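J.:
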Amino acid sequence: SLVSQGGRDLALGSPCPGWRRQRGAVRGALARAGGRLGPLLWLQGRELCEELRSHGEAPLDPFEVFTFHTCSTIARLLFGDLVPPPGELRAFSRCLGELLQVWGHSSVRALDLLPPLRALPNPGLRKLLRLVQHRDTFVEAQIRRHQVGTPQHVSSLCQECPSPPPDTVLAALLGRDPGARGGPLSPPRLHMALVDLFIGGTETTAAALGWAVAFLLHRPELQVRLRAELEWAQGPPGPGDMGRLPLLQATVSETLRLRPPAPLALPHCALRHTSLGGLPVVAGTVLVPNLLAAQQDPDIWQHPEAFLP
1 SLVSQGGRDL ALGSPCPGWR RQRGAVRGAL ARAGGRLGPL LWLQGRELCE
51 ELRSHGEAPL DPFEVFTFHT CSTIARLLFG DLVPPPGELR AFSRCLGELL
101 QVWGHSSVRA LDLLPPLRAL PNPGLRKLLR LVQHRDTFVE AQIRRHQVGT
151 PQHVSSLCQE CPSPPPDTVL AALLGRDPGA RGGPLSPPRL HMALVDLFIG
201 GTETTAAALG WAVAFLLHRP ELQVRLRAEL EWAQGPPGPG DMGRLPLLQA
251 TVSETLRLRP PAPLALPHCA LRHTSLGGLP VVAGTVLVPN LLAAQQDPDI
301 WQHPEAFLP
């Protein structure tokens, strides 16, 4: 509740009517904006390569670079031409990374189980609340920009933008998209929907990219084969071309198998009495799938800990 405005997020919210409507609105908005994803990925990929080249042979933390460019891609999909300037966006991406780290500390997670502990001095809690305030201030500023339609203090790409772009995820969630159904979400659910899209897409994608680079560093022959596959493809590959890039697809899948961004899946609550794998599951039971164990099960994988695309 400390980070979700009273449980109004998609990831951990209760399956009430408001949550179902929020989920449906977000899925519909993403589907309607999906046509813009290909050009955005191409643009962001080019900017990512330019930044990596700018470091030359100097050491760098690729995870931080991947985090920023993933966050930037999501921001462009959500906000269109009203995307905030790079400096503001980079500070926000760092805030998200720190927030997830602090939220994972046992001293903070225990507060959900024992709320009275919030009255005691807790440096972790103070830092968490400060990061949540930074996060919420950023998100609220983007919502206001779309509501007012003033392109001031945004990136140079949008200085000629006369009004909020209608084909963005945020425009659909605000009810500005004429093809969207159901009208705008309530302010807390709109706010947390945007937060979930950033958190759910930024750290996970950046972690997967980081592990892929780490694995490929030890497999130069695989790097050569991947480059040959990409060069063999007719024209620049796009998001819909994974089917004709089997080695790249296998490399991505193997990376996610060995190092899933979330080793434990999101908790799921059983709505009725059922069974799973022959074991009874009582209604109200919370299930947490262990993805890492399943994806490295020696009964299924011959070499479960080896990187073999």
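If you read the sequence shown in UniProt numbering, its first letter stands for residue 1, the second for the next number, and so on. By construction, the Cβ of each residue, glycine as well, lies at the ideal position given by its N, Cα and C atoms. Fair warning: this is a prediction, and the values are worked out from it, not measured in the lab.
(1) Taking only the alpha-carbon atoms, compute the straight-line gap between Gln-22 and Leu-10 and give it to the nearest angstrom.
(2) What ranges does the alpha helix (DSSP H) occupy inside the stretch 254 to 298, keeping only unbroken runs of at least 4 residues that lie completely in it?
(3) Alpha carbon to alpha carbon, how far is Gln-101 from Arg-118? Give it in angstroms, no decimals.
(4) Check whether the stretch 188 to 208 touches the stretch 37 to 49, taking contact to mean three or more Cβ pairs, one atom from each stretch, closer than 8 Å.
(5) Take the Cβ of Ser-275 as the centre, count every other Cβ of all protein chains shown within 10 Å, and call the residue buried at 16 or more, exposed below.
(6) Using the beta-carbon count (16 or more within 10 Å), is His-146 buried or exposed?
(7) Nearest to Leu-194 by alpha carbon, out of Glu-57, Val-281, Asp-136, Pro-116?
(8) Within the same chain, show all residues whose beta-carbon is closer than 6 Å to that of Thr-251, passing over the 5 residues directly before and after it, in chain order.
(9) When DSSP labels each residue in this structure, what does Glu-57 get in the three-state scheme?
(10) Please go through the same chain and pick out, in chain order, the residues whose beta-carbon is closer than 6 Å to the beta-carbon of Arg-90, but skip the five residues on each side of it.
(11) Less than 8 Å separating the beta-carbons of Leu-292 and Glu-203?
(12) Going by C-alpha to C-alpha distance, which of Pro-246, Leu-279, Asn-290, Ala-283 sits closest to residue 329?
(13) Report, in whole angstroms, the separation of the C-beta atoms of Val-213 and Pro-62, which I expect to be a contact under 8 Å.
(14) Using a Cβ-Cβ cut-off of 6 Å (strictly less than) and excluding sequence neighbours within five positions of Arg-76, which residues of its own chain qualify?
(15) Ignore the nearest five residues each way along the sequence and tell me which others in Pro-17's own chain have a CB closer than 6 Å to its CB.
(16) Use the C-beta contact count for Thr-73: other C-beta atoms within 10 angstroms, 16 or more gives buried, fewer gives exposed.
(17) Can you find the residues in the same chain that come closer than 6 Å, C-beta to C-beta, to Ser-93, ignoring five residues on each side of it along the sequence?
(18) Taking the straight line between their C-alpha atoms, what separation do you get for Leu-216 and Ala-294?
(19) Enumerate in chain order the residues of its own chain whose CB-to-CB distance from Thr-205 is below 8 Å, with the five nearest sequence positions on each side excluded.
T.: With the structure as the only source:
(1) One C-alpha to the other measures close to 7 Å.
(2) The alpha helix (DSSP H) runs lying completely inside the stretch 254 to 298 and spanning 4 residues or more are 291 to 295, given in chain order.
(3) 19 Å
(4) The stretch 188 to 208 is not in contact with the stretch 37 to 49.
(5) Label assigned to Ser-275: exposed.
(6) So His-146 ends up on the buried side.
(7) Asp-136
(8) Pro-309
(9) Looking at Glu-57 - three-state DSSP - the assignment turns out to be coil, as it is neither helix nor strand.
(10) Phe-68
(11) Not in contact: Leu-292 and Glu-203 (Cβ atoms no closer than 8 Å).
(12) This structure gives no information on residue 329, because the portion of the chain shown stretches from 1 to 309.
(13) Yes, Val-213 and Pro-62 are in contact; Cβ-Cβ is about 6 Å, under 8 Å.
(14) Leu-40, Val-83
(15) none
(16) buried
(17) Thr-67, Phe-68, Cys-71
(18) 23 Å
(19) Cβ within range, chain order: Phe-66, Thr-70, Pro-261.
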